[in-house]
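Student: Before I ask anything, here is the structure I am working with.
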Amino acid sequence: MLKDEIDSLAPSRDFSRRSFVQTTVGSGFAAAVLPVTAQTITTDTAGLEAGTVTIPVGDFQMPAYRAAPAGKKNLPVVLVASEIFGVHEHIADVCRRFAKQGYLAIAPELFVRHGNAGAYTDIPKLISEVVGKASGAQVNGDLDAAVAWAAANGGDTSKLAITGFCWGGGTTWRYAAHNPRLTAAAAWYGPVARSYFKGDPTIIELAGSIKAPVLGLYGAADGGIPVETLTQLEAALKAAGNTKCEFVVYPDTPHAFYADYRPSYRKAAADDAWARCLAWFKKHGV
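Taken in order, the sequence shown gives residues 1145 to 1430; the numbers are from the numbering used here.
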């Protein structure tokens, strides 16, 4: 996975107008992903309430990016779990994309206790010093707090989904095992046979606790997530009685194929997967 992350960040055309380091949640791009590509998608805020909010987690104040249709209440809720780079401009844009579809979308900054993920340029160092310190227990608790915040701020958490990318894809599976009230989930190229935090079980080991319908979106050419590990997870889910999960594996498609700001982006697969994600949520009542 680490090699695949580095490969997917190979040099690309500089989109100088947007090539700046993250300074606040959802603003700018993480240093490790610069320069971003000219194909980077930008979703406007017309008709939306969008920006940084603060979510209490006990005595800790967790920053998050949220986007929602302006003036609306009782909105279905989507939690958005970031890649290893934290909540930078791409993740904020994903929130705006969901908001344009009628959702209250929230991306909490799940690494902030351990450091500024957006400031790192060295990926192994980022993983060892920041990402690898965010335990499943901490992350699940932070996501629970985001759900509580949503319920108090215009969200209908009886219609609750989570989606996430890379590390956030694994987090999506992990949260599905944690929260029995989750309505649906969509995990984008999240590892299932290993964990970032030492001592956390793998997603395959957690399969028996996953009750929600999860859509897994993966690339067959993802060097860090062998297709056979997805087959193992699918078998473990079915053995545990969960027949509601589905996997879509795109042929000849790399890791991070939805990341339009990176050279790994594959438009055809990204567009198809986005449509499947939205349809999956609607199908399951979110």
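All residues carry an ideal CB built from backbone N, CA and C; glycine is no exception.
#1: With respect to the beta strand (DSSP E) encompassing Y1319, which residues constitute its N-terminal and C-terminal limits?
#2: May I have the straight-line CA-CA distance separating Y1362 from P1395, to the nearest angstrom?
#3: Have a look at A1365 and V1392 and give me their C-alpha separation to the nearest angstrom.
#4: What do you get for F1425, buried or exposed, if any count of 16 or more other CB atoms within 10 angstroms of its CB means buried?
#5: Give me the residue from R1420, V1197, L1178 and D1404 with the minimum Cα distance to A1290.
#6: On the three-state DSSP scale, how would you describe L1350?
#7: Residues bridged to G1363 by DSSP?
#8: Would DSSP call V1336 helix, strand or coil?
#9: So, under 8 Å CB-CB, A1329 and A1351 are touching, yes? Tell me the CB distance rounded to an integer number of Å.
#10: Report back the beta-carbon spacing between A1176 and I1267 to the nearest angstrom; my notes put them in contact at under 8 Å.
#11: Taking its Cβ as the centre, do 16 or more other Cβ atoms sit within 10 Å of A1419, making it buried, or is it exposed?
#12: Taking C-beta to C-beta, are G1308 and N1260 nearer than 9 Å?
#13: If contact is defined by three or more beta carbon pairs under 8 Å, each pair taking one atom from either stretch, is the segment 1172-1191 in contact with the segment 1201-1209?
#14: How long is the line joining the alpha carbons of A1236 and A1383, rounded to whole angstroms?
#15: Closest to Y1340 by CA distance: which of L1359, G1368, L1374 and W1311 is it?
#16: Do you know how far the Cα of P1324 is from the Cα of T1167?
#17: Would you kindly work out how many angstroms separate the C-alpha atoms of R1210 and T1387, rounded to a whole number?
#18: Within the continuous beta strand (DSSP E) that includes E1193, where are the two ends?
#19: I'd like to confirm the pairing. Which residues does DSSP put opposite V1358 in its beta bridges?
#20: CB V1274 to CB R1318, shorter than 9 Å?
#21: In terms of residue numbering, what span does the alpha helix (DSSP H) encompassing P1268 cover?
#22: Tell me where the alpha helix (DSSP H) around I1250 begins and ends.
#23: Give the straight-line distance between the Cα atoms of P1335 and P1213, rounded to the nearest whole angstrom.
#24: At the level of alpha carbons, what is the spacing between A1321 and K1277?
#25: Under a three-way DSSP split, which group does L1304 fall into?
#26: How should I1185 be labelled, buried or exposed, when 16 other C-beta atoms within 10 angstroms of its C-beta is the threshold for buried?
Tutor: Let me spell this out:
#1: Bounds of any beta strand (DSSP E) do not take in Y1319; it lies within the alpha helix (DSSP H) bounded by W1311 to H1322.
#2: 9 Å
#3: 13 Å
#4: buried
#5: V1197
#6: L1350 falls in the helix class under three-state DSSP.
#7: Y1394
#8: coil
#9: At roughly 14 Å, the Cβ-Cβ gap does not stay under 8 Å, so A1329 and A1351 are not in contact.
#10: 6 Å
#11: exposed
#12: No, these two residues do not count as a Cβ contact at 9 Å.
#13: Contact between the segment 1201-1209 and the segment 1172-1191 is absent, because fewer than three Cβ pairs lie under 8 Å.
#14: Taking the straight line joining both Cα atoms gives about 37 Å.
#15: W1311
#16: With a pLDDT of 46 at T1167, under the threshold of 50, the predicted position of this residue should be treated as unreliable, though the coordinate-derived value follows. T1167 and P1324: Cα-Cα distance of roughly 35 Å.
#17: Distance between the alpha carbons of R1210 and T1387: 32 Å.
#18: L1192 to V1201
#19: A1329
#20: no
#21: I1267 to E1273
#22: Taken as a continuous stretch (DSSP letters only), I1250 belongs to no alpha helix (DSSP H), being part of the beta strand (DSSP E) at L1248 to P1252.
#23: 32 Å
#24: 20 Å
#25: strand
#26: exposed
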